[in-house]
Amino acid sequence: MYSRGLMTQTHVSNDWKPASWQSRVASQQPPYRDSVRLEETIARLSSLPPLVTSWEVEALKEKLAAAQRGDAFLLQGGDCAESFEECSSENVVQKLKILLQMSLVLVMGLKRPVIRGGRMAGQYAKPRSAERKPGMANHSRATAVTW
192 MYSRGLMTQT HVSNDWKPAS WQSRVASQQP PYRDSVRLEE TIARLSSLPP
242 LVTSWEVEAL KEKLAAAQRG DAFLLQGGDC AESFEECSSE NVVQKLKILL
292 QMSLVLVMGL KRPVIRGGRM AGQYAKPRSA ERKPGMANHS RATAVTW
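Here our numbering is used: the first residue of the sequence shown is 192, the next is one more, and so on.
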């Protein structure tokens, strides 16, 4: 479904469930050497509470719709790739300060709300278009998939 002449397409799946991803083909799935540890990790993650609530997701959808209409501005910041070693409270606080400072400048200049999005704690793994490019060394999928 196309919206307001934008070059984006929305795909809505009515059959989504927390485990529905398991029935999908994973074209970027890395090989895991330890299947027992993988299953234990999946079980552990499945037992944890969600990172965000459903009402937080709905509120963000409304804010993003405002940005799409031009009534707000989306500012997203963070690293292209992260390492677990650099993930500390101090580093996160510094990144949040920068995002806040940038958003204040934008609010003053644009005279409209700024939605701040942090690209943090999620850049530990990278999909690749191919396992390996001819003539090139193996490339990393990053920390999350090298255990």
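Where is the CB? At the ideal position from N, CA and C, for every residue including glycine.
Asked                                                                                                   : Found
Leu266 - DSSP class collapsed to helix/strand/coil                                                      : strand
Cβ-based neighbour list, Gly309, same chain, cut-off 6 angstroms, excluding 5 preceding and 5 following : Gly269
Run of the beta strand (DSSP E) containing Val305, from where it starts to where it stops               : Val305 to Arg310
Same chain, Cβ closer than 8 angstroms to Met311, neighbours up to 5 away in sequence not counted       : Gly269, Asp270, Glu273, Val283 and Lys286
For Val227, three-class secondary structure by DSSP                                                     : helix
Thr244 in three-state terms, based on DSSP                                                              : coil
Rounded distance between the beta-carbons of Ala258 and Ile306, thought under 8 angstroms               : 6 angstroms
Whole-angstrom C-beta distance between Leu255 and Leu147, which should lie under 8 angstroms            : The question about residue 147 has no answer, for the chain in this structure spans 192 to 338.
Inter-residue spacing [alpha-carbon to alpha-carbon] between Trp246 and Glu253                          : 11 angstroms
Three-state secondary structure assigned by DSSP to Ala250                                              : helix
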